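Colleague:
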Amino acid sequence: HTELWQFNRLLRQGASTSRAGNLKALKVMMCSPLSLLLVCVPLGIVSAKSNWGAMATFWLNFTALIPLAKLLGDATEELDATLSQEILSGLINATFGNAVEMIITINALRAGQTELVKTSLLGSVLSNMLLVLGMSFFFGGIVGRASPGSRLTLVSEKQQKFIAEGAMCNVTMLLLSCVSFTLPTVFSNVGHEEHILPLSRLGAIIVMVSYCAFLIFQLFTHKEMLSKTEEGEETEEEKEDPPMQLWLALAILFLATVCTSVNSEFLVNVVEEVVEDSPLSEAFIGVILLPIVGNACEHMAAVRFAIQDRPSLSIGIAVGSSTQIALFVVPFSVLVAWSMGVDMTMDFGPLNTSVMVLSVIMLLSVVLDGRANWLEGWMLMSVYVFIGVMFWFVQESDL
1 HTELWQFNRL LRQGASTSRA GNLKALKVMM CSPLSLLLVC VPLGIVSAKS
51 NWGAMATFWL NFTALIPLAK LLGDATEELD ATLSQEILSG LINATFGNAV
101 EMIITINALR AGQTELVKTS LLGSVLSNML LVLGMSFFFG GIVGRASPGS
151 RLTLVSEKQQ KFIAEGAMCN VTMLLLSCVS FTLPTVFSNV GHEEHILPLS
201 RLGAIIVMVS YCAFLIFQLF THKEMLSKTE EGEETEEEKE DPPMQLWLAL
251 AILFLATVCT SVNSEFLVNV VEEVVEDSPL SEAFIGVILL PIVGNACEHM
301 AAVRFAIQDR PSLSIGIAVG SSTQIALFVV PFSVLVAWSM GVDMTMDFGP
351 LNTSVMVLSV IMLLSVVLDG RANWLEGWML MSVYVFIGVM FWFVQESDL
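When the sequence shown is numbered by UniProt numbering, its final residue is 399 and no position is left out of the sequence of numbers.
(1) Kindly list the residues whose CB is nearer than 7 Å to the CB of residue 269, restricted to its own chain and excluding five residues on each side of it in sequence; keep chain order.
(2) Assuming residue 177 and residue 207 form a contact by the criterion Cβ under 8 Å, report the distance between their Cβ atoms to the nearest whole angstrom.
(3) Ignore the nearest five residues each way along the sequence and tell me which others in residue 299's own chain have a CB closer than 6 Å to its CB.
(4) Do residue 346 and residue 180 have their beta-carbon atoms positioned less than 9 Å apart in this structure?
(5) Does the Cβ of residue 221 have 16 or more other Cβ atoms within 10 Å, making it buried, or fewer, making it exposed?
(6) With three or more C-beta pairs closer than 8 Å as the rule, is the region 369-377 touching the region 389-398?
(7) Is it right to say residue 74 is buried, meaning 16 or more other beta carbons lie within 10 angstroms of its own, or is it exposed?
(8) What's the gap between the Cα of residue 198 and the Cα of residue 184?
(9) Work out the CA separation of residue 312 and residue 376 for me, nearest whole Å.
(10) Answer yes if the region 285-301 comes into contact with the region 158-170, meaning at least three C-beta pairs across the two stretches below 8 Å, and no otherwise.
(11) Do residue 336 and residue 105 have their C-beta atoms within less than 9 Å of each other?
(12) Could you tell me which of 348, 173, 155, 218 sits nearest to residue 334, measuring between CA atoms?
(13) Starting from the Cα of residue 59, find the closest Cα among 314, 357, 280, 382 and give me that residue.
(14) Can you find at least 3 beta carbon pairs, one from the region 113-129 and one from the region 285-299, that sit closer than 8 Å?
(15) Going by C-alpha to C-alpha distance, which of 343, 380, 395, 211 sits closest to residue 194?
(16) Our contact map puts residue 322 next to residue 129 with C-beta atoms below 8 Å; I'd like the distance itself, whole angstroms only.
(17) Looking only at C-alpha atoms, which of 56, 46, 108, 384 sits nearest to residue 261?
(18) Would residue 55 and residue 278 qualify as a contact pair, given that the criterion is a beta-carbon distance under 9 Å?
(19) Does the Cβ of residue 317 have 16 or more other Cβ atoms within 10 Å, making it buried, or fewer, making it exposed?
(20) Going by CA-CA distance only, name the one from 366, 341, 384, 367 that's closest to residue 356.
(21) Residue 185: beta carbon under 8 Å from a heavy atom of the ligand FMN?
(22) Can residue 367 and residue 186 be called in contact, C-beta distance under 9 Å?
(23) Let's test the definition: count the other Cβ atoms within 10 Å of the Cβ of residue 42 and tell me whether it reaches 16, buried, or not, exposed.
(24) Could you pull the start and end residues of the alpha helix (DSSP H) that residue 153 belongs to?
(25) Whole angstroms are fine: how far does the CA of residue 256 sit from the CA of residue 239?
(26) CB-CB under 6 Å to residue 103, same chain, minus the five flanking residues each way: which ones, in chain order?
(27) DSSP three-state call for residue 334: helix, strand or coil?
(28) Can you tell me which of the three DSSP states residue 308 falls into?
(29) Should residue 98 and residue 254 be called a contact, given that it needs their Cβ atoms to be closer than 9 Å?
(30) Would residue 101 pass as a contact of residue 325 if the rule is Cβ separation under 9 Å?
(31) Per DSSP, residue 161 is paired with what?
(32) When you compare only the Cα positions, how much space is there between residue 51 and residue 272?
(33) Taking DSSP as the reference, what is the three-state secondary structure of residue 143?
As structure tokens, then:
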């Protein structure tokens, strides 16, 4: 009887802990200003079904994708914490880390809009490594605390340090992605257009295998080198809450994925009408607007960590996400298009390729010394704004 009583007590404690973890995680997910935007999820669907107009449908579904991206990210983190398996964590983050971009890509490919796919993926890479990292360095370089627990104030002569090896590893992978963009583009422009499709598909396989090698390097063989922090960087561990139960994390992930798929499909379907009826070009929508959807939560998290004097985390979020899109999502889109019978190549055009290469060179110059300040952040943001202004005037024929 005593053993049975102890067993029942353990079951009750486990159930109580599970409920506490579920409630705590749900509270964190839903008690956010972005959660208010979830009202746009049904409104976007109703707008598309009731013919409220292309502009209303576009902006409602665009807004709906922002909180859905947050839910996908939160559910992925909870699933990661629940499983506690490094191999599975790497696969989960590779698959769902940029789920919004991947879903938009699939819906755009189904609609035959390969140029929208290319510009939106390019925009996601640029947004992360220029705007997100730039704002992180800028605010991290001018805001600080005089003492632990004090209010945030403007700080002069502030310079943040981070381990350059981790950042340079990501930048090297981004240079590989530049090669994968540049070679097909050059090959196409010297008169070998008939071979560009098989070259792109083989190139996509090579790049994706290289990304798998990068994951092995990052998660296993050189894990300590990439996870260590610079002396003086804040490393305090937050108290870990009990993780969400597996079934609930999977349920939220499934529902958020379904809603994201539906809303993104309605958004993609009206892009051509929006381009015709407004001053927005397809290039501007792809490079500037759509990346806001997938990067909003990462943007806030990276800036928050930078203000907390944890620049390595900010770089990991911003540059790491750029690497994931360039080396995983881009070849993924080429291979998925192949399976759909859609001819999508890795020829991004001279303009897009030049922007990508110059941006990576700019990023390289900033992270090379392992130090960050507000001026470097300002320069990254300035480059992004310049690119945004240029794409406002870019027409489809220019790409």
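For every residue, glycine included, the Cβ atom is placed at its ideal position computed from N, Cα and C. As the structure is a prediction and not an experimental result, all values here were calculated from the model.
Modeller: Let me spell this out:
(1) As a first step, residue 269 must be located in the sequence shown, where it is residue number 269. Only 111 meet the Cβ criterion.
(2) Translated into the one-based positions of the sequence shown, residue 177 becomes position 177. Translated into the one-based positions of the sequence shown, residue 207 becomes position 207. With a Cβ gap of about 7 Å, residue 177 and residue 207 count as contacting.
(3) For the purposes of this step, residue 299 is identified with residue 299 of the sequence shown, where counting begins at 1. Cβ neighbours of residue 299 within its own chain (closer than 6 Å, five residues either side excluded): 132.
(4) As a working mapping, residue 180 is identified with position 180 in the sequence shown. As a working mapping, residue 346 is identified with position 346 in the sequence shown. Pairing residue 180 with residue 346 gives a Cβ-Cβ distance under 9 Å.
(5) Locating residue 221 in the sequence shown gives position 221, where the first residue counts as 1. Within a 10 Å sphere around the beta-carbon of residue 221 sit fewer than 16 other beta-carbons, which makes this residue exposed.
(6) No contact exists between the region 389-398 and the region 369-377.
(7) Within the sequence shown, the letter at position 74 stands for residue 74. Its Cβ being crowded by 16 or more others within 10 Å, residue 74 is buried.
(8) Here residue 198 corresponds to residue number 198 of the sequence shown, with the count starting at 1. Here residue 184 corresponds to residue number 184 of the sequence shown, with the count starting at 1. Residue 198 and residue 184 have their alpha carbons spaced roughly 10 Å apart.
(9) Here residue 376 corresponds to residue number 376 of the sequence shown, with the count starting at 1. Here residue 312 corresponds to residue number 312 of the sequence shown, with the count starting at 1. Their Cα atoms are separated by approximately 15 Å.
(10) Result no; under three Cβ-Cβ pairs closer than 8 Å.
(11) Position 336 of the sequence shown, counted from the first residue, corresponds to residue 336. Position 105 of the sequence shown, counted from the first residue, corresponds to residue 105. With a cutoff of 9 Å on beta-carbon distance, residue 336 and residue 105 are scored as near each other.
(12) The count along the sequence shown starts at 1 and reaches residue 334 at position 334. It is 348.
(13) On the sequence shown, position 59 is the one that residue 59 refers to. Closest option to residue 59, Cα to Cα, is 280.
(14) Contact holds: three or more Cβ-Cβ distances are below 8 Å.
(15) In the sequence shown, the residue the question calls residue 194 occupies position 194. That would be 343, whose Cα lies nearest to the Cα of residue 194.
(16) Indexing the sequence shown from 1 puts residue 322 at position 322. Indexing the sequence shown from 1 puts residue 129 at position 129. About 4 Å separates the beta carbon of residue 322 from that of residue 129, a gap short enough to meet the 8 Å contact definition.
(17) Here residue 261 refers to the residue found at position 261 of the sequence shown. Ranking 56, 46, 108, 384 by Cα distance to residue 261 puts 108 first.
(18) As a first step, residue 55 is located in the sequence shown; it is residue number 55 there, counting from the start. As a first step, residue 278 is located in the sequence shown; it is residue number 278 there, counting from the start. In this structure, residue 278 lies closer than 9 Å to residue 55 by Cβ.
(19) The residue given as residue 317 occupies position 317 in the sequence shown. Per the 10 Å Cβ criterion, buried.
(20) As a working mapping, residue 356 is identified with position 356 in the sequence shown. Of 366, 341, 384, 367, the smallest CA-CA separation from residue 356 is found for 384.
(21) Absent from the structure shown: the ligand FMN. Ligands present: none.
(22) Here residue 367 corresponds to residue number 367 of the sequence shown, with the count starting at 1. Here residue 186 corresponds to residue number 186 of the sequence shown, with the count starting at 1. Against a cut-off of 9 Å, the Cβ pair of residue 186 and residue 367 comes out as no contact.
(23) By one-based count along the sequence shown, residue 42 stands at place 42. Burial call: exposed.
(24) Your numbering for residue 153 matches position 153 in the sequence shown. Where residue 153 is concerned, there is no enclosing alpha helix (DSSP H), although the beta strand (DSSP E) it sits in stretches over 152-154.
(25) Within the sequence shown, the letter at position 239 stands for residue 239. Within the sequence shown, the letter at position 256 stands for residue 256. Reliability of the predicted coordinates at residue 239 is poor, the pLDDT of 49 falling under 50, and the value obtained from them is presented with this limitation in mind. In a straight line, the C-alpha of residue 239 is about 27 Å away from that of residue 256.
(26) Position 103 of the sequence shown, counted from the start, is the residue given in the question as residue 103. If we look at residue 103 and ignore the five residues flanking it on each side, its Cβ neighbours are 260, 261, 264.
(27) Along the sequence shown, read from residue 1 onward, the residue named residue 334 stands at position 334. Note: residue 334 maps to helix in three-state DSSP.
(28) Within the sequence shown, residue 308 is the residue found at index 308, counting from 1. Note: residue 308 maps to coil in three-state DSSP.
(29) Position 98 of the sequence shown, counted from the first residue, corresponds to residue 98. Position 254 of the sequence shown, counted from the first residue, corresponds to residue 254. Between residue 98 and residue 254, the gap from beta carbon to beta carbon reaches 9 Å or more.
(30) The sequence position of residue 101 within the sequence shown is 101, counting from 1. The sequence position of residue 325 within the sequence shown is 325, counting from 1. One thing to note: residue 101 has its Cβ within 9 Å of the Cβ of residue 325.
(31) For the purposes of this step, residue 161 is taken as residue 161 along the sequence shown, with counting starting at 1. The partner list for residue 161 (beta bridge, DSSP) reads 371.
(32) Residue numbering aside, residue 51 sits at position 51 when the sequence shown is read from its first letter. Residue numbering aside, residue 272 sits at position 272 when the sequence shown is read from its first letter. Their backbone Cα atoms lie some 15 Å apart in a straight line.
(33) The residue you call residue 143 lines up with position 143 of the sequence shown. Three-state result, residue 143: strand.
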